[in-house]
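Numbers 488 to 1106, taken from my numbering, label the letters of the sequence shown in order. Ideal placement from N, C-alpha and C gives every residue a C-beta, glycine not left out. Here is the structure we will look at, set down as structure tokens.
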Amino acid sequence: MEILRYVVLANGLLAVVSLAHYVLLRRETFFSANRLALWLGLAGALVLPLLELPDWRPQKVRNVMQRTAQAVVPHVLPKPTSPDVTITFPNQRTYQAFDGQPKRYVWTWQLSLIALYLLVVLVLFIRFGVQLLSLWKLIRHSSHESYDDFTLVQSEKVDSPFSFFNWVILNPTQHTPEELEQILRHERVHVRERHSIDMLGSELISIVFWFNPAAYLFRYLIHQTLEFRADHAVLQEGIDPKAYQYNLLKVSLLANSSGITNHFSKSQLKSRIAMLNRKESAAISWLKYPVFLLAALTIASAFARHKHVETIKRYVPQPIVETITTLSGTPNVVMQPGEIISIPDSKSIIKSEVATSTIKPSSQLVKVQADSVQRSVEVDSLRSSPSRYMAYQGNRLYWIVTPKTTFDDFAVMRQEFAKHGDSMQINEIKFDLFYTHINRIIFSVKDQGARTTMNELQTGNKPIETIAGYIGIGRNVGYRGTGSLRYYGDNLPESLRKTALAEENAAAQFFREHRLDYLLSDGEQKFKDLGSGSSSYSKEFFKNKTTRSSGVVVKDDGTLTIDERLGAVKVFVNNEAATPESIGKLKVNQLYSVVKKSQQNSESKESFISAILIYTIEE
């Protein structure tokens, strides 16, 4: 999921950078700034998807993107195979248990796409290597003449002059002395400003992102900017513009060079001549560069991983400290290296060096009380979890998934599972309207031999209940369990129970506070087939003398009724079907909003009121 998100976002940002530069900056004469802007834009396209950025998106944008992700992800990520056993608990939630037989490896279309991508990259890299090798052979087997800034390579095999790092390669027999002087001035700019690095970099970008048209546009813009810069520098040295343009036309007609070199190009001839005759850009044009930067940052913020304060707090490690106790009557306990020593103030420490000692029984050692009977708990080592959603206890790693668990939290959990040979895979996840809690989730936990899939769903944007489970570690590897929070009871580590209850309460409180927002969103989806047209009326509207245009009429005593002209129109109160009697019990001060749905008659082509949706506040 993270790799897919990075690939999509990086390619999208590359497209934004290339298009924004093409539209805003390519005609400006600030050539060095344009060159820098392109490379900074590329760096941003590659780095920004890896960063956590503030979430500046409007709520409507968040909703659209979330619905898109929920529609796309299940089709892109592989789905688990069908279970052999489905377990239904008394609470009606189902958990699917898979058999212990290893699954046969299956070639999928996702793997086919990856193989195709790598094959094309390999072919393009081979071609790139062949071009470099051919260029090296040409330089090696040609005559050389040293200048202050570069080495002139003369070869009759060359049709059009070009430069590559400190070499300028040309065929002197094809050019007059005046042409040679202008060519050398032009190529010297490429050499002095290290333009070959840009050429190689843009070529590599077009190889890695070969499937993205924006990569080729980026390469074109790099080439164009470098040529503009060299042409401009030649004219600044006092060369006659008309003579230079004539020679440029003549030399470009001979051009037939590699894409990794700085050469005279026929495809860019028209734009280069136009730029030579263009006036210097005005100082106000510098304002376009912040716009260019803001365009990239806006897109990055819209799709990037978003930073939430609550998420950051979850990353603070919560070590699970457990103390060793002794059984009554045990003569002595031998402590092994790395074990926990209990001290009188009930704090636990880890031995900082390897040591073995004998400890006599003492009443100061901590005892665990259970059903008024003293019993001991043996702990082989102290382990701390990197996530508040996991805790080690004995030979088990307990875990929970609450309605507030985020993608970043899942990533941390998956890393911890992998340490013990288990894996966690998210098959489907759906968040609420405000992207604050999970509304639906399907995920699986498996090792090499078995898989358990969890499916939790709530209707109406309600937060899911906490799912809990454990995996065996050490001598209990291969064991696992899943269930509800109540199913595990006191067997679940206290830190996990506290986290689960706190986050369930937080999600429930937020849901109650935004009940009407959720109702409106649910109604929009639930009744979308009742008409494409809709009109909304807030409670302020019903302070007017006449409210018939909304379809709801306020009586003299403040109660509500439906406009009789609408006939047997469908009416819903808080998304539930309502009768005239139940509507008559509502008062105007209970109204939050009214939505009037309308649709068109397929025969008469006239619109009519198809439904009235009434939403009330709690009183």
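Exercise for the section: For S1023, count neighbouring C-beta atoms within 10 Å of its own C-beta (all shown protein chains included) and say buried if the count is 16 or more, exposed if not. Expected result: Answer is exposed; the Cβ neighbour count stays below 16.
Handout entry: Backbone CA spacing between Y1005 and S1091 [nearest angstrom]
Key = Computed Cα separation, rounded: 36 Å.
Exercise for the section: Spell out a yes or no on whether the region 967-986 and the region 995-1011 are touching, meaning 3 or more CB-CB pairs, one atom from each, closer than 8 Å. Expected result: Touching, no.
Practice task
Find the nearest neighbour of I463 within the set E1093, N658 and L1047, judged by alpha-carbon distance.
Solution key: In the structure as shown, the chain starts at 488 and stops at 1106, and residue 463 therefore has no counterpart that could be examined.
Practice task
Determine the contact status of V778 and V721, defining contact as a CB-CB distance below 8 Å.
Solution key: No, they are not a contact pair.
Problem - Minimum length 3: unbroken beta strand (DSSP E) runs contained in the region 922-964 - result: As for any beta strand (DSSP E) of minimum length 3 sitting wholly inside the region 922-964, the runs are 925-933, 938-944 and 954-959, ordered along the chain.
Exercise for the section: Ignore the nearest five residues each way along the sequence and tell me which others in V899's own chain have a CB closer than 6 Å to its CB. Expected result: Excluding sequence neighbours, V899 sits near P873 and S874.
Handout entry: Distance between A987 and T1033 (C-alpha atoms, nearest Å)
Key = Approximately 50 Å between the Cα atoms of the pair.
Problem - contact_flag[the region 1061-1077, the region 1027-1047] where n(CB pairs < 8 Å) is 3 or more - result: Segments in contact, yes.
Practice task
Going by CA-CA distance only, name the one from D1043, L687, I960 and V593 that's closest to L619.
Solution key: L687 is the residue among D1043, L687, I960 and V593 whose C-alpha sits nearest the C-alpha of L619.
Handout entry: Extent of the continuous alpha helix (DSSP H) to which G1054 belongs
Key = No alpha helix (DSSP H) holds G1054; DSSP gives it neither H nor E.
Problem - Three-state secondary structure assigned by DSSP to I726 - result: Correct three-state label for I726: coil.
Exercise for the section: Starting from the Cα of D635, find the closest Cα among W654, A701 and G956 and give me that residue. Expected result: Of the listed residues, the one whose Cα sits closest to D635 is W654.
Practice task
Let me know the secondary structure DSSP gives Y493 once reduced to three states.
Solution key: Of the three classes helix, strand and coil, the one that applies to Y493 here is helix, per DSSP.
Practice task
Using three-state DSSP, classify E515 as helix, strand or coil.
Solution key: DSSP places E515 in coil when its eight states are reduced to three.
Handout entry: Whole-angstrom distance between L511 and Y802, CA atom to CA atom
Key = Only weak support is given to the placement of Y802: the predicted model assigns it a pLDDT of 40, under 50, and the value that follows is read from those uncertain coordinates. One C-alpha to the other measures close to 42 Å.
Problem - Presumed contact (8 Å Cβ cut-off) between R967 and G961, rounded CB distance - result: Going by Cβ atoms, the distance from R967 to G961 rounds to 14 Å, so no, they are not a contact pair.
Exercise for the section: Give the DSSP-derived three-state secondary structure of R883 in the structure shown. Expected result: Taken through DSSP and simplified to helix, strand or coil, R883 comes out as strand.
Practice task
Check whether the Cβ atoms of A701 and A507 lie closer than 8 Å to each other.
Solution key: No.
Exercise for the section: My understanding is that E666 touches V610, with C-beta atoms under 8 Å, so please give their C-beta distance in whole angstroms. Expected result: In fact, because the Cβ distance is near 38 Å, the residues do not count as touching under 8 Å.
Problem - Proximity below 8 Å, CB of R759 to CB of D727 - result: At the C-beta level, R759 and D727 stay beyond 8 Å of one another.
Problem - Burial state of N992, where buried means 16 or more other Cβ atoms lie within 10 Å - result: Under this definition N992 is an exposed residue.
Handout entry: DSSP bridge partner residues for I1049 (one or two, in chain order)
Key = Under DSSP, I1049 shares a beta bridge with V1039.
Handout entry: I887 to A530 span [Cα, whole Å]
Key = Their Cα atoms are separated by approximately 38 Å.
Exercise for the section: Spell out the partners DSSP gives S971 in its beta bridges. Expected result: DSSP output for S971 lists I954 as bridge partner(s).
Exercise for the section: Look at the alpha carbon of A602 and the alpha carbon of N498, and state the distance between them as a whole number of angstroms. Expected result: Answer to the nearest angstrom: the Cα atoms are 19 Å apart.
Practice task
Return the Cβ separation of T748 and F651 in integer angstroms, given the expectation that the two are a contact with Cβ distance under 8 Å.
Solution key: By a beta-carbon distance limit of 8 Å, T748 contacts F651. Their separation comes to about 5 Å.
Exercise for the section: In angstroms with no decimal places, state the Cα-to-Cα distance between V1082 and K1026. Expected result: Between V1082 and K1026, the C-alpha separation is close to 11 Å.
Handout entry: Rounded C-alpha distance that separates E943 from L972
Key = The C-alpha of E943 lies about 13 Å from the C-alpha of L972.
Practice task
For my contact list, S1020 and S1080 are in at a C-beta cut-off of 8 Å; report their separation, rounded to the angstrom.
Solution key: First, the amino acid is wrong: residue 1020 is Gly here, not Ser. Contact between G1020 and S1080 is absent: CB atoms are separated by about 16 Å, not below the 8 Å threshold.
Exercise for the section: Enumerate, from N- to C-terminal direction, the unbroken beta strand (DSSP E) stretches of 3 or more residues contained entirely within the region 594-653. Expected result: Those beta strand (DSSP E) runs which fall completely within the region 594-653 and span 3+ residues are 630-633, 638-641 and 649-651.
Handout entry: For E915 and R927, believed in contact at Cβ under 8 Å, the rounded distance
Key = Correct: roughly 7 Å between the Cβ atoms.
Exercise for the section: Taking V494 as the reference, give the member of N699, F705 and S519 with the closest Cα. Expected result: That would be N699, whose Cα lies nearest to the Cα of V494.
Problem - Cutoff 7 Å; reference F517; Cβ partners in own chain excluding five residues on either side - result: Excluding residues within five positions, the ones whose Cβ falls inside 7 Å are S768.
Exercise for the section: Find out if the Cβ-Cβ distance for the pair V1060, I1049 is shorter than 8 Å. Expected result: By the CB criterion at 8 Å, V1060 and I1049 fall outside the cutoff.
Handout entry: Own chain, CB closer than 7 Å to A532, minus 5 neighbours either side, in chain order
Key = These residues qualify, in order along the chain: A497, L500, L501 and V504.
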